[in-house]
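2 protein chains.
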Amino acid sequence: MERPGRPTISDVARLAGVHASTVSRALDPSARHRISRAVAERVAAAAEQLGYRPSALAAGLRSGRSHTVGVLVPDLTNPVFPPIVQAIEAALARAGYVTLLASTEADAAKEALLIRRMAAQGADGIILASAATGSPAPGAAARLGLPLVLVNRRLPGAELPAVVSEDAAGIGLAVRHLLALGHRRIAHLGGPSGVATAADRLRGVRAALRAEGLAPVAVERAAAYTRQAGAEATRALLRVRRGGFTAIVAANDLLALGAYDALREVGLRIPADISVTGFNDMPMADLVDPPLTTVRIQHAAMGEAAAEAMLARLRGEAGPGTVRLPAALVVRASAAPPQAG
Amino acid sequence: MERPGRPTISDVARLAGVHASTVSRALDPSARHRISRAVAERVAAAAEQLGYRPSALAAGLRSGRSHTVGVLVPDLTNPVFPPIVQAIEAALARAGYVTLLASTEADAAKEALLIRRMAAQGADGIILASAATGSPAPGAAARLGLPLVLVNRRLPGAELPAVVSEDAAGIGLAVRHLLALGHRRIAHLGGPSGVATAADRLRGVRAALRAEGLAPVAVERAAAYTRQAGAEATRALLRVRRGGFTAIVAANDLLALGAYDALREVGLRIPADISVTGFNDMPMADLVDPPLTTVRIQHAAMGEAAAEAMLARLRGEAGPGTVRLPAALVVRASAAPPQAG
DNA sequence: GCGAAAAGTGCAAACGATTGCTCAGACGGT
DNA sequence: ACCGTCTGAGCAATCGTTTGCACTTTTCGC
């Protein structure tokens, strides 16, 4: 008649007629071999009968491992992140880990606070999506003794495991596509400074152009990876160099869509007047008007690899250093040969 | 020279020259009044000096409150969820809670497993986005004694707090818009059965039409809220009733985009031949071709309200029951007057 | 069969907080 | 002056596990 609360390990022990420590071992796959088969089975049966679920809190307190990993993203509404986060969560869940999610809003103070809070919650490690230079994460994580894995963006200088795309080579694909279409005067709509992907992609654009003896006719860096910032930077590009380029290589899809907005404002047609390419191949990139020619990155694979890298670290293995996943060109309709004349 | 590990409450106590229990009280705003001002300040200083961060694990173990809330979504890559999740996380974070995220993949077994796992982690409550009939969540949560709050979809029958949109009234806006444009033969591309929003929106379509003495000329329900399922259901609609309708009211944006795909396959132009409306006003809905006329719901407000409802419950307050947030029509270009003749 | 090694369990001390009790002293009313 | 109340702080138990150590039994080599 009494409300028993959740059964504890002692309840199981009592029912199985053994000591709690024996139950603990019998239920731990890595210690089960120290227990006789008969007892292990009796314990399993008792646990099953009681519907016993060990308290991860108590286990974490004692063992120091909470089976919890924190994931930090700057902005979940940026379509790049959901697939990555989802893949991370799935991979962690498969390994029995639960995912703590928080959004930093690209604010360094918030990032530091969230890491501390996750550490207080006993997180075993932190996966940081989109680190920016000056990010307090490496310092904070190191101070707290937490393994840190970067995903989507690396952090040059810091020796941290990271899973990223082949940014330079990937955007080179887009540039070469434009060159093949006959473009010679190409502008780059770059990502914010302090972000590794932005620098890498700018480098990639320069390299691909240089291979043909060319250089970008203009480079304008957006203040953030958002549609609004992309539109603004494109307006700047038009102010400075209107008519001076026939194509814009954007550092990501959101920026490219911002370019769509800005080009439309001044009556320029895509791709008839100006070609535009993006980067990321985010969901819906095929549905915009015109469908965006872009570079596909492996969102899911990236998330999964990041989770695997974290799990390897948590197992005490060295794990991979920086992993670079290849990107592929996706040709749609936003890039076409330049207008004759 | 020794590696001190993280400072514990006893370290702070020692430094402040008081007992650990006094530190605990001095640091707890709701118990601070039992401590003299002088001691409280000494403790605060000591904690500050040591960089003390209480272990949420230990606190949770003893107090039964882990300051952790689990959030379950069926699929994070559905653009409806990120803004909701982000708002939930932000509101919870403001209250000092951390968010556990997991994706159920619309799988009941997985949903049950994840709830158990979150309970084992000591989660204080569960917020479930998009419950479907037959969801094991209410039962599981009740068994575990966890408060459950629904967001985006309610669960008819279960007496659970839920924060949803005014689905019926909202989609009525779209229908009335179509009627005002002159459409009379309207088909409904419905959501999956077993999902409350789908039923509510279907009801809303019927009600709005009935007010004019009309009824939907066809109703086809998609197997899931995805672009693919939307395309398939639209193909079915065309098979059955091609030419029999001049507009499609879709139960959500993803379905509407699927309709775009299917209509294009057979050479039908939007909106010249067929008008299409969506629901949700997801990000990018304005960028597709043609820009989607849809119904805007308050993603962020919904997430925030759900988090607030959960926090109220955790404070022991009754909190609101079902909250319905109004929706608004967003007119873009996918709906136009029907072709003459 | 003997002793040593191995196997299988139990014991009890952590882990780091929270909280019901106890207790000493200050205070105030009569 | 005395007694009761209140305040502020300490004591110690407790939350539910894990794990180093000690203690029996087997097991096995010789």
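Just so you know, the protein sequences line up as chains A and B, in that order. Numbered by my numbering, the letters in the first sequence go through residues 6 to 346 in order. Numbered by my numbering, the letters in the second sequence go through residues 6 to 346 in order. Glycine is no exception: its CB is placed at the ideal position from the N, C-alpha and C atoms.
Query	Result
Rounded straight-line distance, which links the Cα of B:GLY196 to that of B:ALA234	9 Å
Limits of the beta strand (DSSP E) - the one that B:ILE3 falls within	A question about residue 3 of chain B goes unanswered here, because the residues of chain B that appear run from 6 up to 346.
Same chain, Cβ closer than 8 Å to B:GLU7, neighbours up to 5 away in sequence not counted	Any reading at B:GLU7 needs caution, since the residue's pLDDT is 39, under 50, leaving its predicted position unreliable; the model's value is listed next. Once the five neighbours on either side are set aside, B:GLU7 has no close Cβ partner at all.
heavy atom of the ligand FAD below 8 Å from A:LEU20 C-beta	In the structure shown, the ligand FAD is absent, as is every other ligand, since no ligand is present at all.
Three-state class that DSSP yields for B:ILE14 in the structure shown	helix
Below-9 Å beta-carbon distance, A:PRO161 vs any chain B residue	no
Burial state of B:ASP172, where buried means 16 or more other Cβ atoms lie within 10 Å	buried
Nearest-angstrom beta carbon gap, B:THR298 and B:ALA5 [assumed within contact, 8 Å]	For chain B, the structure presents residues 6 to 346; residue 5 of chain B sits outside this window and is missing.
The stretch 251-265 of chain B contacting the stretch 282-298 of chain B, beta-carbon criterion three pairs below 8 Å	yes
B:THR239 vs B:LEU194 beta-carbon contact at 9 Å	yes
Contact belief for A:VAL85 with A:MET287 at Cβ below 8 Å, rounded distance in angstroms	6 Å
Below-9 Å beta-carbon distance, A:ARG121 vs any chain B residue	yes
DSSP-derived helix/strand/coil call for A:VAL336	coil
Whole-angstrom distance between A:LEU219 and A:LEU155, CA atom to CA atom	34 Å
Beta-carbon contacts of B:ARG159 that lie in its chain and below 8 Å, excluding the five residues immediately before and after	ALA136, LEU165, ALA167, VAL169, ALA201, THR327
Helix, strand or coil at A:THR202 according to DSSP, with G and I counted as helix	helix
Neighbour list for A:GLN91 in chain B, Cβ cutoff strictly below 8 Å	ASP80, LEU81, THR82, SER108
9 Å Cβ cutoff, B:GLY346 in contact with chain A	Interpretation of B:GLY346 is limited by its pLDDT of 48, a score under 50 that renders its predicted location unreliable; no figure is taken from the coordinates.
A:ARG190 and A:THR231 closer than 9 Å at C-beta	no
Distance CB(B:PRO141)-CB(B:ALA117) smaller than 9 Å	yes
Short CB-CB distance (under 9 Å) between A:ARG329 and chain B	no
Residue from B:LEU119, B:ARG99, B:MET307 with nearest C-alpha to A:ALA100	B:LEU119
Supposed contact pair B:LEU105 and B:VAL90 - C-beta distance, whole angstroms, cut 8 Å	Actually they are not in contact, since the Cβ atoms of B:VAL90 and B:LEU105 sit about 11 Å apart, beyond 8 Å.
Residues within the stretch 285-301 of chain A neighbouring chain B, beta-carbon criterion of under 7 Å	PRO288, MET289, LEU292, VAL293, ASP294
is_contact[B:VAL336, chain A] using C-beta, thresh 9 Å	no
Three-state secondary structure assigned by DSSP to B:GLY75	strand
Residue from A:GLU313, A:MET289, A:GLN344 whose Cα sits closest to the Cα of A:GLU94	A:GLU313
Enclosing alpha helix (DSSP H) for A:THR251 [first to last residue]	Note, A:THR251: premise wrong, no alpha helix (DSSP H); not H, not E.
Start and end residues, beta strand (DSSP E) containing B:LEU330	327-330
Beta strand (DSSP E) segments (min. 3 residues) lying fully within the stretch 214-279 of chain A	223-226, 252-255
Within-9 Å CB hit, A:VAL103 to chain B	yes
A:ARG70 versus B:ARG39: straight-line alpha-carbon distance, rounded	35 Å
Beta bridge counterpart(s) of B:ASN285 as assigned by DSSP	B:ARG301
Reduced DSSP category for A:GLY346 - H, G, I as helix; E, B as strand; rest coil	Bear in mind that the predicted position of A:GLY346 carries a pLDDT of just 48, short of 50, making it too unreliable to give a figure here.
Continuous alpha helix (DSSP H) stretch holding B:VAL180: start and end	172-186
C-alpha gap between B:PRO143 and B:ALA163, whole angstroms	8 Å
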